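J.: Provided herewith is a single structure, encoded as structure tokens, for subsequent inquiry.
Residue numbers (my numbering), protein chains in the order written: chain A, 1 to 107; chain B, 108 to 222.
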């Protein structure tokens, strides 16, 4: 199975900060990488697919990059509604696997 | 319109089975795979398996092999996930999601396993 390692597991940031979350795959997955945002009590919401493609309706402050084994999600200017937990997922091969999550909290 | 709507919460006793549904709408049901993901209280996301709604082909995570069955009904655009031999550790919110990269998710179904 492909292991997905996210870092950091949590971070504290202020409104307006630029935030970067990383996700590393245990083997190459090309660009078969997705990012999700999850708020308490809600289903995950798709942000990015294909490592860098913005899902329809997602604001451009979110961006993704990477290929192979190393990926990043960047939020250019953190807003109050962005405080949530973020997950990466590889869909290169079964079983699909998720990173452990990054909780973004208010500083 | 939300493309995936899941069935309601369930409470089951250990050893029982549960069958959840995920009804698709607003798109061609047979065009996209559906997969199931669960989330235990306070924990991360765990992939359970995937089904091709057009032919019923399935792939399950090793952890759930022998306990999970995913099926599809093209007449009602509904995918089902049955989990048997339930134990307390199966208490979780179960989600269905569309496509490999999960562009849409159902609202989730809470399954509580308790004696």
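For every residue, glycine included, the Cβ atom is placed at its ideal position computed from N, Cα and C.
In this text the structure is predicted, and so the values were computed from the model without any measurement.
1. Using the Cβ count rule (16 or more neighbours within 10 Å means buried), how would you classify residue 8 of chain A?
2. Quick check on this structure: which residue in A:67, A:59, A:79 and A:80 has the alpha carbon closest to the alpha carbon of residue 90 of chain A?
3. Out of A:21, A:14, A:15 and A:11, state which residue places its alpha-carbon closest to the alpha-carbon of residue 4 of chain A.
4. Terminal residues of the continuous beta strand (DSSP E) containing residue 84 of chain A?
5. In the DSSP assignment, what residue or residues form a beta bridge with residue 70 of chain A?
6. Output yes or no for whether 8 Å exceeds the beta carbon distance between residue 100 of chain A and residue 151 of chain B.
7. Considering only residues of the same chain and omitting the five flanking positions on each side of residue 197 of chain B, which have a CB-CB separation below 6 Å?
8. Residues of chain B with CB under 7 Å from residue 25 of chain A, in chain order?
9. Since residue 177 of chain B sits in a beta bridge, which residues does DSSP pair it with?
10. Report yes if the CB atom of residue 63 of chain A is closer than 8 Å to the CB atom of residue 55 of chain A, and no otherwise.
11. Quick one: is residue 209 of chain B near chain A, going by C-beta distance under 8 Å?
12. Please state whether the Cβ-Cβ distance between residue 72 of chain A and residue 11 of chain A is less than 8 Å.
13. Looking only at its chain, what residues have a beta carbon closer than 7 Å to the beta carbon of residue 166 of chain B, apart from the 5 residues adjacent to it on each side?
14. Comparing C-alpha positions only, which one of A:65, A:40, A:84 and A:44 sits nearest to residue 98 of chain A?
15. Within the continuous beta strand (DSSP E) that includes residue 144 of chain B, where are the two ends?
16. Under 8 Å between C-beta atoms, does residue 93 of chain A make it to chain B?
17. Below 8 Å, can you find three or more Cβ-Cβ pairs linking the region 202-209 of chain B to the region 111-125 of chain B?
18. What are the residues of the region 5-34 of chain A that lie near chain B, defined by any Cβ-Cβ distance shorter than 8 Å?
19. So, using beta-carbon positions, are residue 128 of chain B and residue 185 of chain B closer together than 8 Å?
20. Kindly indicate which residue of A:1, A:6 and A:14 has the alpha-carbon position closest to the one of residue 82 of chain A.
T.: On the basis of the supplied data:
1. Reading the first chain from its first residue, position 8 is the one you call residue 8 of chain A. Burial is judged here by how many other beta carbons sit within 10 angstroms of a residue's own beta carbon; residue 8 of chain A has fewer than 16 and is exposed.
2. Against the first chain, residue 90 of chain A aligns to sequence position 90. Checking every option, the nearest Cα to that of residue 90 of chain A belongs to A:67.
3. On the first chain, position 4 is the one that residue 4 of chain A refers to. When each option's Cα is compared against that of residue 4 of chain A, the closest is A:21.
4. By one-based count along the first chain, residue 84 of chain A stands at place 84. No beta strand (DSSP E) holds residue 84 of chain A; DSSP gives it neither H nor E.
5. Position 70 of the first chain holds residue 70 of chain A. According to DSSP, which records beta bridges pairwise, residue 70 of chain A is partnered with A:24 and A:67.
6. Position 100 of the first chain, counted from the first residue, corresponds to residue 100 of chain A. Position 44 of the second chain, counted from the first residue, corresponds to residue 151 of chain B. Taking 8 Å as the Cβ cut-off, residue 100 of chain A and residue 151 of chain B qualify as a contacting pair.
7. Taking the first residue of the second chain as position 1, residue 197 of chain B is located at position 90. Only 220 meet the Cβ criterion.
8. Locating residue 25 of chain A in the first chain gives position 25, counting from the first residue. Annotation: residue 25 of chain A has no Cβ neighbours in chain B at a cutoff of 7 Å; minimum Cβ distance is about 14 Å.
9. On the second chain, residue 177 of chain B is found 70 positions in, with the first residue counted as 1. Beta-bridge pairing links residue 177 of chain B to B:188.
10. Your numbering for residue 63 of chain A matches position 63 in the first chain. Your numbering for residue 55 of chain A matches position 55 in the first chain. Not in contact: residue 63 of chain A and residue 55 of chain A (Cβ atoms no closer than 8 Å).
11. Reading the second chain from its first residue, position 102 is the one you call residue 209 of chain B. So yes, residue 209 of chain B belongs to the interface.
12. For the purposes of this step, residue 72 of chain A is taken as the residue at position 72 of the first chain. For the purposes of this step, residue 11 of chain A is taken as the residue at position 11 of the first chain. Between residue 72 of chain A and residue 11 of chain A, the CB-CB gap reaches or exceeds 8 Å.
13. Mapped onto the second chain, residue 166 of chain B falls at position 59. Taken in chain order, the residues that qualify are 156 and 157.
14. Numbered from its first residue, the first chain carries residue 98 of chain A at position 98. For residue 98 of chain A, the closest of A:65, A:40, A:84 and A:44 by C-alpha to C-alpha distance is A:44.
15. For this step, residue 144 of chain B is matched to residue 37 along the second chain. Note, residue 144 of chain B: beta strand (DSSP E), 141-146.
16. If you number the first chain from 1, residue 93 of chain A lands on position 93. No, residue 93 of chain A does not count as interfacial toward chain B.
17. Contact between the region 202-209 of chain B and the region 111-125 of chain B is present, because at least three Cβ pairs lie under 8 Å.
18. So the close ones are 32 and 34.
19. What you label residue 128 of chain B is simply residue 21 of the second chain in a count that begins at 1. What you label residue 185 of chain B is simply residue 78 of the second chain in a count that begins at 1. In this structure, residue 128 of chain B places its C-beta atom within 8 Å of the C-beta atom of residue 185 of chain B.
20. If you number the first chain from 1, residue 82 of chain A lands on position 82. Of the candidates A:1, A:6 and A:14, A:14 places its Cα closest to the Cα of residue 82 of chain A.
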